[in-house]
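*Asks:* I'd like to ask you about the structure that follows.
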Amino acid sequence: MASGDALQGASGPDDVLVAEGLVRRFGDLTAVDGVSFRIRRGETYGLLGPNGAGKTTTISMVAGLIAADAGTVTVAGQRMGPAEVEPKRHIGLVPQDLAIYPELTARENLTLFGRLQGLAGAALTQRVQEVIELIGLTERAKDLSKEFSGGMKRRLNIGIGLLHQPTLLILDEPTVGVDPQSRNQILESVERLSVEGMAVLYTTHYMEEAERLCDRIGIIDSGRLQAEGTRDELVRLTSGADVIRLVGTGDTAAASTALRGLPTVQQVIADRHALQLTVNDAPAAVAQIVTSATAAGMSLADVEITRPDLESVFLHLTGKALRD
1 MASGDALQGA SGPDDVLVAE GLVRRFGDLT AVDGVSFRIR RGETYGLLGP
51 NGAGKTTTIS MVAGLIAADA GTVTVAGQRM GPAEVEPKRH IGLVPQDLAI
101 YPELTARENL TLFGRLQGLA GAALTQRVQE VIELIGLTER AKDLSKEFSG
151 GMKRRLNIGI GLLHQPTLLI LDEPTVGVDP QSRNQILESV ERLSVEGMAV
201 LYTTHYMEEA ERLCDRIGII DSGRLQAEGT RDELVRLTSG ADVIRLVGTG
251 DTAAASTALR GLPTVQQVIA DRHALQLTVN DAPAAVAQIV TSATAAGMSL
301 ADVEITRPDL ESVFLHLTGK ALRD
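UniProt numbering puts the sequence shown at residues 1 to 324.
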């Protein structure tokens, strides 16, 4: 697992985005401080951090909207910067602020932006229809976008970024302020994109979104990438063990004694009707634990497993909660 201070190894043929040593200052404030990461084809990479962590500033440099004070960005093998045009053709950017025309229908919005992206004729018509279906707006395609819910507007915003089939799609907090149903539809759409081979850069402060969508996650706070890796790699940084809670009746004292003898069990805390066990790998250990507790005379009513999550990782790395 690489840290945020340096990339490990040379750029590979599957790397769609390589960001290295990015720094951006606003007066005396260093908003981004030495951020490095890369995204491969077909991979969804999440930047997870609280509001103000530097996520939007980072993607603004990646998309060539603002210049970096230091560091480099390469997209599809081409150097990115505010004055560069060619690498921007490979990017679909979906900003936090909605970029749609409220007096146009969903189809008209997509057609307009498709033309701006160089599509025309039958190819444009076909692509607009494909995107309408992908974002789940088939039944509302002829309705004015000003009549849409917040979630529908967000989905249309994503559709605009997808029209020209970019190599890299950048999504900046795409589910902020939407209802749960629309949020789930947005997440389902994003899940399909990486399967189709698109590289996705996804910023969020929602832990559950990063866990659901992202192949790898960079945890960012105070402008620095604190760590990156898969969800399991990041969780291992905490050295946190899993917890199994056994609830039931019968001879819990004998069960407690038996369980303390298992090599997978680090600790057992007993109360009248429950045993709380600290273990290294709960999914692998739970079957033996249940068998041993039952054999010792405990009648189980419930088995609960709690595993460390990205909230635990963020707290471990930064000393504060993700939403602080």
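Just so you know, even glycine gets a beta-carbon here, dropped at the ideal spot from N, CA and C.
#1: Quick check: D281 and D242, are their CB atoms within less than 8 Å of each other?
#2: Apart from the five residues just before and just after H273, which ones in its own chain have a Cβ nearer than 8 Å to its Cβ?
#3: Report the option in R40, S36, E86, D28 whose CA atom is closest to the CA atom of P13.
#4: Check whether the Cβ atoms of I170 and I66 sit closer than 8 Å, and answer yes or no.
#5: Less than 8 Å between the C-beta atoms of V32 and G161, yes or no?
#6: Using CA coordinates, which residue listed in L22, V128, L156, Q96 is at the minimum distance from G81?
#7: Could you give the first and the last residue of the continuous beta strand (DSSP E) run that contains T238?
#8: In whole angstroms, what separates the C-alpha of residue 389 from that of P308?
#9: Tell me where the alpha helix (DSSP H) around residue 346 begins and ends.
#10: Going by alpha carbons, who is nearest to D179 out of R192, T167, G151?
#11: Does DSSP classify R231 as helix, strand or coil?
#12: Short of 7 Å in beta carbon distance, which residues of its chain neighbour A70, apart from the five on each side in sequence? Order them along the chain.
#13: Hey, which unbroken runs of the alpha helix (DSSP H) at 4 residues or more fall wholly within the segment 123 to 180?
#14: Going by DSSP, which residues form a beta bridge with E20?
#15: Comparing the C-beta of V290 with each C-beta of chain E, is any distance below 8 Å?
#16: Given this structure, state the Cα-to-Cα distance separating M1 from K88, to the nearest angstrom.
#17: Candidates V73, A63, G64: which alpha carbon is nearest V18's?
#18: How many angstroms separate the CA atom of L156 from the CA atom of I132?
#19: In this structure, how does DSSP classify I217 when only helix, strand and coil are distinguished?
#20: Going by C-alpha to C-alpha distance, which of L112, G136, L137, I135 sits closest to T125?
#21: Determine the direct distance from the alpha carbon of L116 to that of V195, and round the result to whole angstroms.
#22: Tell me where the beta strand (DSSP E) around D38 begins and ends.
#23: Look up I46 in the DSSP assignment and say whether it is helix, strand or coil.
#24: Less than 8 Å between the beta carbons of A199 and T238, yes or no?
*Replies:* The answer reads as follows:
#1: If you number the sequence shown from 1, residue 281 lands on position 281. If you number the sequence shown from 1, residue 242 lands on position 242. Contact flag set, yes.
#2: Residue mapping note: residue 273 aligns to position 273 of the sequence shown, counting from 1. The residues are V247, G248, T249, T252.
#3: Numbered from 1 along the sequence shown, position 13 holds the residue referred to as residue 13. That would be R40, whose Cα lies nearest to the Cα of P13.
#4: In the sequence shown, counting from the first residue as 1, residue 170 sits at position 170. In the sequence shown, counting from the first residue as 1, residue 66 sits at position 66. Contact flag unset, no.
#5: On the sequence shown, position 32 is the one that residue 32 refers to. On the sequence shown, position 161 is the one that residue 161 refers to. No, the pair does not count as a contact, with Cβ atoms beyond the cut-off.
#6: To locate residue 81, count along the sequence shown from 1; it is residue 81. Residue L22 is the option with its Cα nearest to G81.
#7: Stepping through the sequence shown from its first residue, residue 238 is reached at position 238. No beta strand (DSSP E) contains T238, which DSSP labels as neither H nor E.
#8: In the structure as shown, the chain starts at 1 and stops at 324, and residue 389 therefore has no counterpart that could be examined.
#9: Residue 346 lies beyond the stretch modelled for the chain, which goes from 1 to 324, so this question has no answer here.
#10: Here residue 179 is taken as the residue at index 179 of the sequence shown, counted from 1. Comparing Cα-Cα distances from D179 to each of R192, T167, G151, the minimum goes to G151.
#11: Sequence index remark: in the sequence shown, residue 231 carries index 231 (1-based). Here R231 sits in helix by DSSP.
#12: Locating residue 70 in the sequence shown gives position 70, where the first residue counts as 1. Counting only Cβ-Cβ distances below 7 Å, and skipping sequence neighbours, we find G21, V23.
#13: 150 to 162
#14: Numbered from its first residue, the sequence shown carries residue 20 at position 20. T72.
#15: In the displayed structure, chain E is absent; only one protein chain is listed.
#16: The residue you call residue 1 lines up with position 1 of the sequence shown. The residue you call residue 88 lines up with position 88 of the sequence shown. Any reading at M1 is ruled out, since the residue's pLDDT is 48, under 50, leaving its predicted position unreliable.
#17: The sequence position of residue 18 within the sequence shown is 18, counting from 1. Ranking V73, A63, G64 by Cα distance to V18 puts V73 first.
#18: Counted from its first residue, the sequence shown places residue 156 at position 156. Counted from its first residue, the sequence shown places residue 132 at position 132. Computed Cα separation, rounded: 8 Å.
#19: Mapped onto the sequence shown, residue 217 falls at position 217. Residue state, collapsed to three classes: strand.
#20: Within the sequence shown, the letter at position 125 stands for residue 125. When only C-alpha atoms are compared, the closest one is L112.
#21: Translated into the one-based positions of the sequence shown, residue 195 becomes position 195. Translated into the one-based positions of the sequence shown, residue 116 becomes position 116. If I take the Cα positions, the gap works out to 27 Å.
#22: The residue given as residue 38 occupies position 38 in the sequence shown. Sequence inspection shows Arg at residue 38; the Asp mentioned does not correspond to that position. First-last of the beta strand (DSSP E) with R38: 29 to 40.
#23: Position 46 of the sequence shown, counted from the start, is the residue given in the question as residue 46. Inspection of the sequence shows that residue 46 is occupied by Gly rather than by Ile. Strand.
#24: Counting from one through the sequence shown, the residue named residue 199 turns up at place 199. Counting from one through the sequence shown, the residue named residue 238 turns up at place 238. In this structure, T238 does not lie closer than 8 Å to A199 by Cβ.
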